[in-house]
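K.L.:
The sequence shown runs 11 to 397 under this note's numbering.
My questions will all concern the structure given below.
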Amino acid sequence: MPIAFNEPLSFLQRITEYMEHIYLVHRASRQPKALERMQCVAAFAVSAVASQWERTGKPFNPLLGETYELVREDLGFRFISEQVSHHPPVSAFYSEGLGQDFLFHGSIYPKLKFWGKSVEAEPRGTITLELLRHNEAYTWTNPTCCVHNVIIGKLWIEQYGTVEILNHRTGDKCVLHFRPCGLFGKELHKVEGHIQDKNKKKLFIIYGKWTECLWGIDPAAYESFRKQERRGETPRKSQSAIGVEDADTEVDAVPEVQDTVQVIPGSRLLWRINTRPPNSAQMYNFTSFTVSLNELQTGMEKILAPTDCRLRPDIRSMENGNMDLASQEKERLEEKQREARKERAKEDTEWQTRWFQQGRNPHTGTPDWLYSGGYFERDFSGCPDIY
Numbered sequence: 011m012p013i014a015f016n017e018p019l020s021f022l023q024r025i026t027e028y029m030e031h032i033y034l035v036h037r038a039s040r041q042p043k044a045l046e047r048m049q050c051v052a053a054f055a056v057s058a059v060a061s062q063w064e065r066t067g068k069p070f071n072p073l074l075g076e077t078y079e080l081v082r083e084d085l086g087f088r089f090i091s092e093q094v095s096h097h098p099p100v101s102a103f104y105s106e107g108l109g110q111d112f113l114f115h116g117s118i119y120p121k122l123k124f125w126g127k128s129v130e131a132e133p134r135g136t137i138t139l140e141l142l143r144h145n146e147a148y149t150w151t152n153p154t155c156c157v158h159n160v161i162i163g164k165l166w167i168e169q170y171g172t173v174e175i176l177n178h179r180t181g182d183k184c185v186l187h188f189r190p191c192g193l194f195g196k197e198l199h200k201v202e203g204h205i206q207d208k209n210k211k212k213l214f215i216i217y218g219k220w221t222e223c224l225w226g227i228d229p230a231a232y233e234s235f236r237k238q239e240r241r242g243e244t245p246r247k248s249q250s251a252i253g254v255e256d257a258d259t260e261v262d263a264v265p266e267v268q269d270t271v272q273v274i275p276g277s278r279l280l281w282r283i284n285t286r287p288p289n290s291a292q293m294y295n296f297t298s299f300t301v302s303l304n305e306l307q308t309g310m311e312k313i314l315a316p317t318d319c320r321l322r323p324d325i326r327s328m329e330n331g332n333m334d335l336a337s338q339e340k341e342r343l344e345e346k347q348r349e350a351r352k353e354r355a356k357e358d359t360e361w362q363t364r365w366f367q368q369g370r371n372p373h374t375g376t377p378d379w380l381y382s383g384g385y386f387e388r389d390f391s392g393c394p395d396i397y
């Protein structure tokens, strides 16, 4: 694929964007009640995909053994990820709170499906968040992401599918429905759901847009509002229909962005997206958090693993605006990876991961890649030469 379709980040750095709203996890850890903690965790799960809004550039595929670390003392966490498999591609990550309040880890192996005019990425793999002070673990899987008009027309993105977040200690569950666009675009970006206890009693209603904000309200107040709405007793914002092209046309119609979320009286704000930089559109629609991910400050090379994405020459060349060199370096790195794979096959040896091991998720029992430890002790003598 031509490098012009890429953005100057590795997929490992894209995963790191989960951490942009990590304050929600710190807030969850401080909540005394399980319901309030689940509200924060639900908001965090939605916020984790918010950075994908209008991000139509493809991140670079990580090389086998590639890593990315991020330490943010101001945000209270450190993060490490590794590309642990190439066929199929699997990215594993681990993060911990600097105040010993949480662990956040998982492995992602997106399943891509091509539908002619669109590409669908189903993010297989379990996401796990542990709130250590409460001895609680939450698990979920992210929604499906679809990019429309990959051949011709204006690119646009939607997220859809059901996300279920389970509190393994209490049995509470949050069910979030990421709505597909629909025929007239009225459902675009919408998220609706609820929190229920282990007996399936609804405790809290959640609604909003993953591109904008998330609100919550008591179920009784929500039902009362909906009844009034059905009787026509509440003011309703007009939703203008949009033109939708026939199914056999070459372009998927780009839905208009509908009015912002209608806030139900008595609702509480759970999360709001961060404002993007003024020049975001000229920077691949990056957020302020994302812009900083590839920074290579003076002295960093001495402490980073030699496999870190920041040291990858094709991404660095693209960020510097040298597209020809970036394309050449990308081809060189891919060829080097192929030759290394042939050499291992000839010697009948298997690739050895450095920081993660295959195992089973301690909470779900499903296959997972688990952090082995030791990265931040910074003994990188056994790291492979991948660049």
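Glycine included, each C-beta is placed from N, C-alpha and C at the ideal position.
No experiment lies behind these values; they were computed from the predicted model shown.
Using C-beta distances below 8 Å, list every residue in its chain close to residue 286, excluding the 5 sequence neighbours before and after it, in chain order.
P.N.:
Hits under 8 Å: 295, 296, 297, 298.
K.L.:
If distances are taken between C-alpha atoms only, which option among 182, 161, 155 comes closest to residue 188?
P.N.:
Of 182, 161, 155, the residue nearest in Cα terms is 155.
K.L.:
Inspect the beta-carbon positions of residue 134 and residue 119 and report whether they are closer than 9 Å.
P.N.:
Yes, the Cβ-Cβ distance between residue 134 and residue 119 is below 9 Å.
K.L.:
When the Cα of residue 348 is compared with those of 73, 31, 24, 41, which residue comes out closest?
P.N.:
The shortest C-alpha separation from residue 348 is found at 73.
K.L.:
Taking 8 Å as the cut-off, is the CB of residue 104 close to at least one heavy atom of the ligand SAH?
P.N.:
This structure lacks the ligand SAH, and indeed carries no ligand of any kind.
K.L.:
Contact between the segment 325-335 and the segment 50-61 is defined here as three or more beta-carbon pairs at a separation below 8 Å; is this criterion met?
P.N.:
The segment 325-335 is not in contact with the segment 50-61.
K.L.:
For residue 390, which residues from the same chain have a beta carbon less than 7 Å from its beta carbon, with the 5 sequence-adjacent residues on both sides left out?
P.N.:
Once the five neighbours on either side are set aside, the close Cβ partners of residue 390 are 315, 316.
K.L.:
Do three or more CB pairs link the segment 157-165 to the segment 199-214 at distances below 8 Å?
P.N.:
They do not touch, by the three-pair rule.
K.L.:
Please report how far the alpha carbon of residue 108 lies from the alpha carbon of residue 195, in whole angstroms.
P.N.:
Residue 108 and residue 195: Cα-Cα distance of roughly 42 Å.
K.L.:
Which whole runs of the alpha helix (DSSP H) in the segment 40-80 are 4 residues long or more, in chain order?
P.N.:
Entirely contained in the segment 40-80, the alpha helix (DSSP H) runs reaching 4 residues are, in chain order, 44-60.
K.L.:
Suppose the cutoff is 6 Å on Cβ atoms and the five residues either side in sequence are ignored; what does the same chain contact list for residue 276 look like?
P.N.:
Excluding sequence neighbours, residue 276 sits near 227, 231.
K.L.:
Might you give, ordered along the chain, the residues of its own chain that have their beta carbon closer than 7 Å to the beta carbon of residue 191, omitting 5 neighbours on each side?
P.N.:
Same-chain partners within the cutoff: 168, 197, 198, 265.
K.L.:
I'd like to know whether the C-beta atoms of residue 147 and residue 372 end up nearer to each other than 9 Å.
P.N.:
Cβ atoms of residue 147 and residue 372: closer than 9 Å.
K.L.:
Tell me the rounded alpha-carbon separation between residue 84 and residue 236.
P.N.:
About 42 Å.
K.L.:
For the segment 162-217, list the alpha helix (DSSP H) runs that are entirely contained and at least 4 residues long, ordered along the chain.
P.N.:
Qualifying alpha helix (DSSP H) stretches: none in this window.
K.L.:
In the DSSP assignment, find the alpha helix (DSSP H) that holds residue 25 and state where it starts and stops.
P.N.:
Residues 21-26.
K.L.:
Under a Cβ-count criterion, where at least 16 other Cβ atoms within 10 Å of its own Cβ denotes burial, should residue 81 be classed as buried or exposed?
P.N.:
Exposed, by the Cβ-count rule.
K.L.:
Could you name the residues of the same chain whose beta carbon sits closer than 7 Å to that of residue 370, not counting the 5 residues immediately before and after it, in chain order?
P.N.:
If we look at residue 370 and ignore the five residues flanking it on each side, its Cβ neighbours are 376, 377, 378.
K.L.:
Determine which residues share a DSSP beta bridge with residue 145 and list them.
P.N.:
DSSP lists no partner for residue 145.
K.L.:
Here's a check: name, in chain order, each residue in its chain whose Cβ is nearer than 6 Å to the Cβ of residue 181, leaving out the five neighbours to either side.
P.N.:
Answer for residue 181: 208, listed in chain order.
K.L.:
If you draw a straight line from the C-alpha of residue 367 to the C-alpha of residue 98, how long is it?
P.N.:
Using only the alpha carbons, I get a separation of about 16 Å.
K.L.:
Under the assumption that residue 221 contacts residue 60 (Cβ atoms under 8 Å), give the Cβ distance between them as a whole number of angstroms.
P.N.:
Between residue 60 and residue 221 the Cβ distance is about 6 Å, and since that is below 8 Å, they are a contact.
K.L.:
Could you spell out the range, first to last residue, of the beta strand (DSSP E) harbouring residue 87?
P.N.:
Here the beta strand (DSSP E) through residue 87 covers 87-95.
K.L.:
Classify residue 48 as buried or exposed, calling it buried when 16 or more other Cβ atoms lie within 10 Å of its own Cβ.
P.N.:
Classification of residue 48: buried, given that the 10 Å Cβ count is 16 or more.
K.L.:
Under the DSSP definition of a beta bridge, which residues are partnered with residue 224?
P.N.:
Its beta-bridge partners are 218, 281.
K.L.:
Enumerate in chain order the residues of its own chain whose CB-to-CB distance from residue 337 is below 6 Å, with the five nearest sequence positions on each side excluded.
P.N.:
Within the same chain, residue 337 has close Cβ partners 13.
K.L.:
Just checking my contact of residue 213 with residue 280 at CB under 8 Å: how many whole Å lie between their CB atoms?
P.N.:
Wrong, their Cβ atoms sit about 14 Å apart, outside the cutoff.
K.L.:
List the endpoints of the continuous alpha helix (DSSP H) containing residue 390.
P.N.:
Careful: residue 390 lies outside any alpha helix (DSSP H) and carries neither H nor E.
K.L.:
Just the C-alpha distance for residue 306 and residue 89, rounded to the nearest angstrom, thanks.
P.N.:
C-alpha separation (whole angstroms): 16 Å.
K.L.:
Which residue from 63, 25, 28 puts its Cα closest to that of residue 290?
P.N.:
Out of 63, 25, 28, 63 has the C-alpha closest to the C-alpha of residue 290.
K.L.:
I need the straight-line Cα distance from residue 16 to residue 323, nearest angstrom please.
P.N.:
So the two alpha carbons sit approximately 14 Å from each other.
K.L.:
Is residue 108 helix, strand or coil by DSSP?
P.N.:
Three-state result, residue 108: coil.
K.L.:
Express the C-alpha separation of residue 374 and residue 44 in angstroms, rounding to a whole number.
P.N.:
If you take the alpha carbons of residue 44 and residue 374, they lie about 20 Å apart.
K.L.:
Run through the DSSP bridge pairs and tell me what residue 102 is partnered with.
P.N.:
92, 117, per the DSSP bridge assignment.
K.L.:
Considering only their Cβ atoms, is the gap separating residue 128 from residue 96 smaller than 9 Å?
P.N.:
No. Outside cutoff.
K.L.:
Just the C-alpha distance for residue 474 and residue 183, rounded to the nearest angstrom, thanks.
P.N.:
The structure shown has nothing for residue 474, since the chain only spans 11 to 397.
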